[in-house]
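J.: Residue numbering for the sequence shown is 7 to 321, as defined by the working numbering. The C-beta atom is built at its ideal place from N, Cα and C for all residues, glycine as well. Below is the structure I would like to discuss, written out as structure tokens.
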Amino acid sequence: MPSTPSHFLDIDALDTRTLRAILDAAAALKKARKVPKGLAVPKGAVLAMIFEKPSTRTRVSFEMAMHQLGGAAIVLNAQDMQLGRGETIGDTARVLSRYVDAIMLRTGPHQGLLDFAAYADIPVINALTARSHPCQIMADVLTFEEHKGPIKGRVVAWIGDANNVATSWVHAAARFGFTVRIASPADFGPDQDLLAWARAEGAQIEVMEDARAAAKDADCIVTDTWVSMGDKDVAARKSALEPFRVDEALMALAKPDAIFMHCLPAHRGDEVTDAVMDGPQSVVWDEAENRLHAQKAILVWCLNKGRLPARAAAK
Ligand code: CP
Ligand code: NVA
7 MPSTPSHFLD IDALDTRTLR AILDAAAALK KARKVPKGLA VPKGAVLAMI
57 FEKPSTRTRV SFEMAMHQLG GAAIVLNAQD MQLGRGETIG DTARVLSRYV
107 DAIMLRTGPH QGLLDFAAYA DIPVINALTA RSHPCQIMAD VLTFEEHKGP
157 IKGRVVAWIG DANNVATSWV HAAARFGFTV RIASPADFGP DQDLLAWARA
207 EGAQIEVMED ARAAAKDADC IVTDTWVSMG DKDVAARKSA LEPFRVDEAL
257 MALAKPDAIF MHCLPAHRGD EVTDAVMDGP QSVVWDEAEN RLHAQKAILV
307 WCLNKGRLPA RAAAK
């Protein structure tokens, strides 16, 4: 019976030790000029990248990650595939499993990702669904720790729509032991199932409708677009989220050395002002760069059957 591939589907699907080993590997890969011994991918490994939604960072950082690791990547726009003409996810996954070594998928319904993984004989990586964006948050935790030290016990304030990126922050809070405060309008707050999961995991999640209360003395202020890919209710969102803009006055409520994060793309003037994006507390460019390093580590983990060097795993 073949073993289950080492999928990277979500942060809540993995344990703290594994996630920490991936972050340690990401830091080692970032520091090294050459791929360190034990952090390589099998020779000639190929990643297929399927996009059902647009992307700048994810596409380029995954492709460069494979290039720098000595492998290769094939970019597939779902509209150009038979998938776009009704071939099933299961059949597509089975066929691609015969050609390539891992598959990265950006799609809408999360179930599509799970179905893909169920039929694939090779690792599948979640590159964003309507539910979550785990690769982003691995890069974000790496970025937080580079700037502020261990994230355990710290406070991250999420301001705005409690969307897919926010969900992955909640998963990370449970696994890495930090607090997430979510400030959202009632209609765009976190899912009750997610909060129930977080409570059962003992995670520190505080939900409120007051952005100022969430920002107070936080170590990090983070936000994202008010209208995610696939969202239809644009006018209702923009009007409800208007009081949730991250500006200098909101940043001033956080700790004096707090950082500002945004997964990008930013909609300057909506969820964040230019002054914050381009201000001294913003780490958004480091955050974007760290997608590359975090994803290299994720790829090494996936392509080596969930194994990373003992040094990285021991921490
Ligand atoms: N943050 C992020 O995933 O960006 P892209 O949509 O450009 O890939
Ligand atoms: N929440 C955004 C993230 C984009 C990277 C979206 O899903 O569109």
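Please find out if some non-hydrogen atom of the ligand NVA comes closer than 7 Å to the beta-carbon of His-177.
T.: Every heavy atom of the ligand NVA is 7 Å or more from the Cβ of His-177, so no.
J.: To the nearest angstrom, how far is the alpha carbon of Ala-179 from that of Asn-83?
T.: Cα-Cα distance, rounded: 33 Å.
J.: Leaving out the 5 sequence neighbours to the left and right, which residues in its chain are closer than 6 Å to Ala-319 when beta-carbon positions are compared?
T.: Because Ala-319 sits at a pLDDT of 47, beneath the cut-off of 50, its placement in the model cannot be relied upon, and the following sentence gives the value as read from the coordinates. Hits under 6 Å: Ala-27.
J.: Going by C-alpha to C-alpha distance, which of Lys-36, Pro-129, Ser-9, Phe-182 sits closest to Ala-303?
T.: Answer by Cα proximity: Lys-36.
J.: Quick check: does the Cβ of Ser-138 come within less than 7 Å of any heavy atom belonging to the ligand CP?
T.: Checking the Cβ of Ser-138 against the ligand CP gives no.
J.: Could you tell me which of Ala-224, Gly-236, Ala-54 sits nearest to Pro-60, measuring between CA atoms?
T.: For the residues Ala-224, Gly-236, Ala-54, the minimum Cα distance to Pro-60 belongs to Gly-236.
J.: If you drop the 5 nearest sequence neighbours on each side, which residues of the same chain put their C-beta closer than 6 Å to that of His-139?
T.: Cβ within range, chain order: Asn-170, Val-171, Ser-174.
J.: For Asn-296, name the three-state secondary structure that DSSP assigns.
T.: It is helical.
J.: Looking at the strands, I want to know which residues DSSP matches up with Val-228.
T.: Paired residue(s): Trp-164, Met-267.
J.: Would you say Leu-120 and Ile-56 are within 8 Å of each other, going by their C-beta atoms?
T.: Taking 8 Å as the Cβ cut-off, Leu-120 and Ile-56 do not qualify as a contacting pair.
J.: Answer yes or no: do Met-214 and Arg-187 have a C-beta to C-beta separation smaller than 8 Å?
T.: Yes; because the gap between Cβ atoms is below 8 Å, this pair is in contact.
J.: May I ask you to verify whether the segment 98-115 touches the segment 126-143, counting CB pairs closer than 8 Å and requiring at least 3?
T.: Yes, since at least three Cβ pairs between the segment 98-115 and the segment 126-143 fall closer than 8 Å, the two stretches touch.
J.: Taking its Cβ as the centre, do 16 or more other Cβ atoms sit within 10 Å of Lys-321, making it buried, or is it exposed?
T.: Unreliable placement is indicated for Lys-321, whose pLDDT of 47 sits below 50; no coordinate value is reported for it.
J.: Using alpha carbons as the reference points, say which of Lys-154, Ala-202, Asp-199, Asp-239 lies closest to Asp-167.
T.: The residue with the shortest Cα to Cα distance from Asp-167 is Asp-239.
J.: Compute the distance between the beta-carbons of Phe-122 and Ile-95, then report whether it is under 8 Å.
T.: Yes, the Cβ-Cβ distance between Phe-122 and Ile-95 is below 8 Å.
J.: Tell me, to the nearest whole angstrom, how far the beta carbon of Met-72 is from that of Leu-53; I am working on the premise that it is less than 8 Å.
T.: About 5 Å; that satisfies the 8 Å criterion.
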